[in-house]
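**Q** If you scroll down you'll find the structure; I have some questions about it.
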Amino acid sequence: MAAKQPAKAVAAVLVSTAVIAAAATLSPLFGAAAGWLMFASVAEFMLPVTYSITAEGVEARHLWTFARLNWSSVRRVCVCHDGVKLSPLSSPTRLEAFRGVFIRFGEGNRDAVLGAVEDLHGG
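Quick note: the sequence shown uses the numbering used here, first residue 3, plus one each step.
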């Protein structure tokens, strides 16, 4: 059932985490904090992310995060099965996860996204 209704499954996990944390510590404040931290960790999965690919660069907007990268700053393009990572780093490093913009592919738009990146970045 969780596979058919992932939002309800995640909500159930969030509430369960908050209740268990509150009961274990006897602190509703700690329970609320645990629920909030759990929500923050799955927010990208639960809430929409808006991507923009323009002539100036690419950006990804989420509830409280914003990532933008100008095409002149893109040093490396890595295509994965579920998206494309545009990185300002010329080679992989430990900082890779914290730099650049990852654009997830939507239903059937893989070719359109890769075409736009190739056209605007120049390869």
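Using N, Cα and C, we set each Cβ at its ideal position, and we do this for glycine too. These figures come from a predicted structure and were not determined experimentally.
Using a C-beta cutoff of 8 Å, does residue 35 count as contacting chain E?
**A** No chain E is present in this structure, which holds just one protein chain.
**Q** In whole angstroms, what separates the C-alpha of residue 106 from that of residue 117?
**A** 14 Å
**Q** Could you say which of 83, 22, 79 and 68 lies nearest to residue 112 if we only look at CA atoms?
**A** 83
**Q** List, from N- to C-terminal side, the beta strand (DSSP E) runs of 3 residues or more that fit wholly inside the region 26 to 58.
**A** 52 to 55
**Q** Inspect the beta-carbon positions of residue 48 and residue 14 and report whether they are closer than 8 Å.
**A** No; because the gap between Cβ atoms is not below 8 Å, this pair is not in contact.
**Q** Within the region 60 to 103, note down every full beta strand (DSSP E) run reaching 3 residues or more, in order along the chain.
**A** Runs of the beta strand (DSSP E) inside the region 60 to 103: 68 to 72, 78 to 81 and 85 to 89.
**Q** Residues in the same chain with beta-carbon distance under 8 Å from residue 58, minus the five sequence neighbours each way, listed in chain order, please.
**A** Beyond the five residues adjoining it in sequence on each side, residue 58 comes within less than 8 Å, by CB distance, of 72 and 73 in the same chain, given in chain order.
**Q** Taking residue 102 and residue 90 to be in contact with their CB atoms under 8 Å, please state how far apart those CB atoms are, rounded to whole angstroms.
**A** 6 Å
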